[in-house]
Amino acid sequence: MFVRKARNRYPTLTAKNAVKVGHPFPLSSTGMQFEIVTIFPGLFTGIFENGVVQRAQTNGLIEVNLHDLRAFTHDRHRTVDDRPFGGGEGMVLKPEPLAEALASLGIQPKAERYRAFQEDTESAPDPAARTRVILLSAQGRPFAQALARELSQLDRLVLLCGRYEGVDERINQLYCDMELSIGDYVLSGGELAAAIVVDATMRLIPGVLGNEASSEFESFGVADAEIDTDVEGVPRSQYGAGGLLDYPHFTRPAEFGGISTPEVLLNGDHKQIRLWRREQQLRKTLANRPDLLEHAALSREDRKLLDRILQETSEIDPRAFF
Ligand code: ADE
173 MFVRKARNRY
183 PTLTAKNAVK
193 VGHPFPLSST
203 GMQFEIVTIF
213 PGLFTGIFEN
223 GVVQRAQTNG
233 LIEVNLHDLR
243 AFTHDRHRTV
253 DDRPFGGGEG
263 MVLKPEPLAE
273 ALASLGIQPK
283 AERYRAFQED
293 TESAPDPAAR
303 TRVILLSAQG
313 RPFAQALARE
323 LSQLDRLVLL
333 CGRYEGVDER
343 INQLYCDMEL
353 SIGDYVLSGG
363 ELAAAIVVDA
373 TMRLIPGVLG
383 NEASSEFESF
393 GVADAEIDTD
403 VEGVPRSQYG
413 AGGLLDYPHF
423 TRPAEFGGIS
433 TPEVLLNGDH
443 KQIRLWRREQ
453 QLRKTLANRP
463 DLLEHAALSR
473 EDRKLLDRIL
483 QETSEIDPRA
493 FF
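Our numbering numbers the first residue of the sequence shown as 173 and each following residue consecutively.
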């Protein structure tokens with residue numbers, strides 16, 4: 173992970189970051205680049221230095237670069253915010269440091285980049301066409317797995333972390349391809365949201381997860397029809413989530429806290445296991461996210477199962493559990 177601190181505009185030369193220092197912001201030929209512009213780069217310490225995201229960096233599959241917005245201020249106090257025009261609570265992130273940070277990353281205003289999208293061809297791909305700039309804000313469109321999948325196809329993703337009351341709207345209008353929210357609640361800033369977008373996106377890049385197919389089988393995974401051919405005869409966590417939530421998982425010991433692992437998972441009958449898991453997916457989705465069922469890829473068998481579950485649950489008043 174590369175951190176550009178406020179005091180020192182360019183990182184010190186070490187064996188590890190020598191390439192980046194020599195060419196501060198080249199487009200990566202090997203991995204997807206995530207550029208995070210923030211006033212709190214320290215918030216990311218730890219998040220990108222562990223687990224899958226760290227391994228992906230070590231393996232050159234992704235690059236995460238943090239850019240301290242204060243590095244792009246020119247006053248003694250390194251001011252990044254100002255009072256809102258028209259009055260009101262809080263402070264707004266000023267446009268100039270953000271525009272300068274983006275320029276330092278070679279990011280042109282949208283209008284120019286959109287020309288590159290139009291001119292982009294397979295034989296002469298334009299890097300601007302493989303780049304997106306996203307503003308993290310509570311006002312954004314909701315982030316979801318389908319968008320993570322789209323973003324994972326890019327070469328470069330620039331994430332602007334909003335703070336205070338927000339970001340001067342002209343930055344949004346001039347540079348941002350999308351305003352994105354991770355949920356209907358207000359965070360203190362876009363940093364945690366940016367970390368979530370990086371995590372959810374990078375794990376969909378081929379090669380990042382040990383098991384290539386494993387992200388397909390999780391909650392919100394692609395429909396069975398799309399991955400059937402990948403799994404033919406593979407006796408493991410078969411079949412895509414098809415837009416449903418994942419099924420419950422069990423590991424050793426077979427009995428814990430007085431609860432036994434369902435017998436079906438212990439007997440090695442993979443057809444039975446597949447059926448049981450599918451039923452559990454339907455049950456969990458029905459209980460926790462019934463809205464997903466509307467767009468889920470459901471087979472005739474699924475619908476029959478669902479009818480049976482609905483019949484069963486109609487006999488129980490779910491409010492009794494709360
Ligand atoms: N900043 C503040 N709240 C946010 C949210 N819910 N999603 C993304 N960025 C945010």
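Even glycine gets a Cβ: it sits at the ideal position worked out from N, Cα and C. Since we're looking at a predicted model, the values are computed, not measured.
{"query": "Is there at least one non-hydrogen atom of the ligand ADE closer than 6 Å to the beta-carbon of Gly-232?", "result": "no"}
{"query": "Which same chain residues end up closer than 6 Å to Phe-244 when comparing Cβ atoms and leaving out the 5 residues on each side of it in sequence?", "result": "Pro-269, Glu-272 and Ala-273"}
{"query": "Looking at Gly-338 and the ligand ADE, is the gap between the Cβ and the nearest heavy atom below 6 Å?", "result": "no"}
{"query": "Take Phe-315 as the anchor and find which of Arg-304, Leu-233, Ser-353 and Asp-298 has the nearest alpha-carbon.", "result": "Ser-353"}
{"query": "For a test of the three-state rule: what should DSSP assign to Asp-146, helix, strand or coil?", "result": "Coverage of the chain is limited to positions 173 through 494, which leaves residue 146 absent and any answer about it impossible."}
{"query": "Measuring from the CB of Val-358, is there a heavy atom of the ligand ADE at a distance below 6 Å?", "result": "yes"}
{"query": "Just to confirm my understanding: we take Asp-253, look at its own chain, exclude 5 residues before and 5 after, and list those with CB closer than 7 Å. What are they?", "result": "Met-263, Val-264, Leu-265, Lys-266 and Tyr-336"}
{"query": "What I want to know is whether the C-beta of Leu-329 ends up closer than 6 Å to one or more non-hydrogen atoms of the ligand ADE.", "result": "no"}
{"query": "So, does the segment 370-382 touch the segment 297-306, judging by three or more C-beta pairs under 8 Å?", "result": "no"}
{"query": "According to DSSP, is Glu-404 part of a helix, a strand, or is it coil?", "result": "The predicted model places Glu-404 with a pLDDT of 34, which falls under 50 and marks its position as unreliable; any figure quoted below should be read in that light. Glu-404 falls in the coil class under three-state DSSP."}
{"query": "Considering only the alpha carbon of each residue, which of Arg-321, Tyr-357 and Val-339 lies closest to Val-369?", "result": "Arg-321"}
{"query": "List in chain order: all unbroken beta strand (DSSP E) runs of 3+ residues lying wholly within the segment 217-269.", "result": "234-240"}
{"query": "In this structure, does DSSP put Ile-343 in helix, strand or coil?", "result": "helix"}
{"query": "Helix, strand or coil, according to DSSP, for Leu-482 in the structure here?", "result": "helix"}
{"query": "Which of helix, strand or coil does DSSP assign to Met-173?", "result": "coil"}
{"query": "Quick one: measure Cβ to Cβ for Ala-288 and Asp-298, integer angstroms, because I've assumed they're closer than 8 Å.", "result": "4 Å"}
{"query": "Buried or exposed, going by whether 16 or more other CB atoms sit within 10 Å of the CB of Arg-475?", "result": "exposed"}
{"query": "Please tell me whether Pro-420 and Gln-444 are closer than 7 Å, where the distance is taken between their beta carbons.", "result": "no"}
{"query": "Quick check: the Cα distance between Arg-446 and Lys-456, rounded to an integer number of angstroms?", "result": "15 Å"}
{"query": "Using the beta-carbon count (16 or more within 10 Å), is Arg-255 buried or exposed?", "result": "exposed"}
{"query": "Let me check one thing: in DSSP terms, what residues is Arg-335 bridge-paired to?", "result": "Gly-361"}
{"query": "From this set, Gly-259, Arg-227, Val-236 and Pro-213, which residue's C-alpha is nearest Arg-242's C-alpha?", "result": "Pro-213"}
{"query": "Using the C-alpha atoms, what's the distance from Ser-276 back to Asn-222?", "result": "28 Å"}
{"query": "Can you tell me whether His-239 is buried or exposed, with buried defined as 16 or more other CB within 10 angstroms of its CB?", "result": "buried"}
{"query": "For Asp-292, which residues in the same chain have their Cβ closer than 7 Å to its Cβ, ignoring the five residues on either side in sequence?", "result": "Asp-298 and Ala-301"}
{"query": "Between Phe-429 and the ligand ADE, is the CB less than 6 Å from at least one heavy atom?", "result": "Before going further, note that residue 429 is Gly rather than Phe in the sequence given. Answer for Gly-429: no, Cβ out of range of the ligand ADE."}
{"query": "Could you check which residue in Thr-373, Asp-441 and Ala-426 has the C-alpha nearest to that of Asp-327?", "result": "Thr-373"}
{"query": "Taking 7 Å as the limit between beta carbons, can you name the residues of its chain near Leu-438, skipping five residues before and five after?", "result": "Ala-426"}
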